[in-house]
Amino acid sequence: MKDKLPPAPNLSGPEGTKKPLGCGAISGLGCLGVVVVIVLISVFSTLGGDDDERTDDVEVASSRYTQTWSQSFAETSCNEWNLEMTSAQQFAAAADILTSARNKIDGGVGLPPDTLTSEFQAGVTNVCIIPTMTLTDATFGLYTTEPRFHP
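Numbering (my numbering), first residue to last: 10 to 160.
So this is what it looks like as structure tokens:
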């Protein structure tokens with residue numbers, strides 16, 4: 010009978026294959042990429058309202074798109090999205106954010122289909138795993154990594 014245990018496995022991973030993340034932690038974009046991401050997040054933080062609304066956007070008048078959440082999306086945390094916002098408030102926010110992103114960033118026109126808005130709403134819930142992450146950060150990440158939401 011052996012009294013000796015086998016040696017502990019080396020769980021440190023391959024040596025010398027990874028560089029420190031540093032400024033390029035966001036998808037390996039480098040420092041300029043980080044600056045671009047910060048600028049785009051700032052743009053998304055202004056998506057709570059649309060001052061240049063046209064008369065052909067009147068189709069949005071449906072109560073389904075009426076936002077009753079009084080806080081700006083930039084100040085809304087994932088914890089609030091998951092625990093305080095109703096499904097109707099989440100849908101209205103998802104519609105607002107998705108429509109703004111598609112129209113202002115990618116040149117889309119009008120509202121996306123309700124099914125796509127519902128998918129976006131579910132996607133936000135899936136990516137909102139860090140309670141303190143802002144809704145703006147979560148939706149930016151979701152929109153930029155999921156081409157199906159683009160026009």
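C-beta atoms are modelled at their ideal positions from N, C-alpha and C, and glycine is treated no differently. This structure is a prediction, so every number in the text was calculated from the model and none was measured.
Legend entry - 8 Å contact criterion, which L151 and T126 should meet: CB distance rounded: Not really, about 13 Å apart at Cβ, beyond 8 Å.
Inset, instruction - Rank H159, K13, D12 and P16 by C-alpha distance to the C-alpha of A110 and give the top, closest one. - result: H159
Inset, instruction - Please say whether Q130 and Q80 have beta carbons closer to each other than 9 Å? - result: no
Legend entry - Segments of 4+ residues assigned as alpha helix (DSSP H) that fall wholly inside the stretch 66-101: 87-92
Legend entry - Through-space distance from A103 to D146, alpha-carbon basis: 13 Å
Inset, instruction - Compute the distance between the beta-carbons of L120 and Y74, then report whether it is under 9 Å. - result: yes
Inset, instruction - Buried or exposed for S72, please, with buried defined as at least 16 other CB atoms from any protein chain shown within 10 angstroms of its CB. - result: exposed
Inset, instruction - Would you tell me roughly how many angstroms separate the C-alpha atoms of L14 and I138, rounded to the nearest one? - result: 40 Å
Legend entry - Endpoints, alpha helix (DSSP H) assigned at N112: No alpha helix (DSSP H) contains N112, which DSSP labels as neither H nor E.
Legend entry - Own chain, CB closer than 7 Å to L30, minus 5 neighbours either side, in chain order: With a pLDDT of only 48 at L30, under 50, the local geometry of the prediction cannot be trusted, and no value is derived from it.
Legend entry - Which listed residue (S96, W78, S86 and P122) has its alpha carbon closest to that of R157: P122
Inset, instruction - Have a look at the DSSP bridge pairing and note the partners of T124. - result: None; T124 has no bridge partner.
Legend entry - Between the CA atoms of T148 and I114 - distance to the nearest angstrom: 14 Å
Inset, instruction - Sort out for me which residues DSSP pairs T143 with in a bridge. - result: S86
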